[in-house]
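Colleague: Counting the sequence shown from 1 gives a position; our numbering is that position plus 84.
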Amino acid sequence: MKLALEFIIIGTTKVGEKSLVLHTLSAQYGRRSFIVSISKSSSMALYLPLNILSGEVNDNHLSDLWRVSALRAEYPLAGLRGDVRKNTMTMFLSEVLFRCLRDGEYSYELYDWCRQSILTLDALGEDFANFHLLWLLDLCGVLGFSPRIEDLMPFAEERLEDIRALLTLDRSSALLLPLSGARRSDIASILLEYLGYHLDTRLNIRSLAVLRELFS
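Printed below as a string of structure tokens:
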């Protein structure tokens, strides 16, 4: 049976020359992997991190890895793909989701929030350097780990006041909060440590170092 599905790409794994495993997040299945056929003529841009796609899933109860076909992009996301800084930020956000979310873990709130976050970043103008920090704070809340300043104090150390400002300022002001690349990186590391503590895992996000260089 074929099912229509919209999903967000949070990672890919190439399998041989003709197949690609898509690690996805959807409202129906949460985090789940699907396999898609590719060829030398396939546009790999379709499978970039945080692309929002729709397609047809073959519901095969004899296999855990279902096949997906007839894929198309729901949004062009030209704002993300035309800006190297935003494009790098999508790599960071997708890597966090890939490391944080377990297979089958989902809620409609999580998917809707993630989808809206992608569209918001796509639409933002020049002032988005703090976006990933606010996104991490929001992710804590969506996953049920209240990001109150009291909860973050044991992790915050010398960045406590910066984190307090991000939590208390309105969204527009928080995006404009003047922070160096090093301070942003420190704050992101603190929030990842806080997430990892609650998820009982160590979140080693390699793309954070690239973000630090781009926004220094």
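Glycine residues also receive a C-beta, built at the ideal position from the N, C-alpha and C atoms.
Note that this is a predicted model, so its numbers are computed, not measured.
Are the Cβ atoms of LEU161 and ASN135 separated by less than 9 Å?
Modeller: In contact: LEU161 and ASN135 (Cβ atoms closer than 9 Å).
Colleague: Enumerate in chain order the residues of its own chain whose CB-to-CB distance from ALA154 is below 6 Å, with the five nearest sequence positions on each side excluded.
Modeller: These residues qualify, in order along the chain: GLY139 and GLU140.
Colleague: What distance in whole Å lies between the Cβ atoms of LEU149 and SER117, which are believed to be in contact at a cut-off of 8 Å?
Modeller: Confirmed, Cβ separation roughly 6 Å.
Colleague: Using 9 Å as the threshold, is the C-beta distance between ILE267 and ASP235 below it?
Modeller: In the sequence as presented, Ile is not what sits at residue 267; that position holds Arg. The answer is no: Cβ separation not under 9 Å.
Colleague: Cα separation between SER264 and LEU218?
Modeller: Each residue's Cα considered, the two are about 16 Å apart.
Colleague: Assign HIS107 to buried or exposed, taking buried as 16 or more other Cβ atoms, counted over all protein chains shown, within 10 Å of its Cβ.
Modeller: Its Cβ being crowded by 16 or more others within 10 Å, HIS107 is buried.
Colleague: With respect to the beta strand (DSSP E) encompassing PHE118, which residues constitute its N-terminal and C-terminal limits?
Modeller: First-last of the beta strand (DSSP E) with PHE118: 114 to 121.
Colleague: Closer than 6 Å by C-beta to THR97: which residues in its own chain qualify, once you throw out the five before and the five after it? Chain order, please.
Modeller: The residues are VAL105.
Colleague: Can you list, in chain order, the residues of its chain with a C-beta nearer than 8 Å to that of LEU301? Leave out the 5 residues immediately preceding and following it.
Modeller: Since the first residue of the chain shown is 85 and the last is 300, residue 301 is not available in this structure.
Colleague: Can you tell me which of the three DSSP states ASN41 falls into?
Modeller: The shown model of the chain, from 85 to 300, leaves out residue 41, and the question about it has no answer.
Colleague: Less than 8 Å between the CB atoms is what I'm expecting for LEU259 and PHE299, so what's the real figure, rounded?
Modeller: That pair is no contact at about 13 Å.
Colleague: Going by DSSP in three states, HIS145 sits in which element: helix, strand or coil?
Modeller: Coil at HIS145, not helix or strand.
Colleague: Quick test of your reading: LEU301 and MET173, contact by CB under 8 Å. State the CB separation rounded to the nearest angstrom.
Modeller: Residue 301 lies beyond the residue range present for the chain, which begins at 85 and ends at 300; the question has no answer from this structure.
Colleague: How should SER230 be labelled, buried or exposed, when 16 other C-beta atoms within 10 angstroms of its C-beta is the threshold for buried?
Modeller: Classification for SER230: exposed.
Colleague: Tell me VAL180's beta-bridge partners as DSSP assigns them.
Modeller: Paired residue(s): none; VAL180 is not in a bridge.
Colleague: Put ALA154 into one of helix, strand or coil per three-state DSSP.
Modeller: Of the three classes helix, strand and coil, the one that applies to ALA154 here is strand, per DSSP.
Colleague: Check each candidate in LEU137, LEU194, LEU283 and GLY280 and name the one with the smallest Cα separation from VAL152.
Modeller: With distances taken between Cα atoms, VAL152 lies closest to LEU137.
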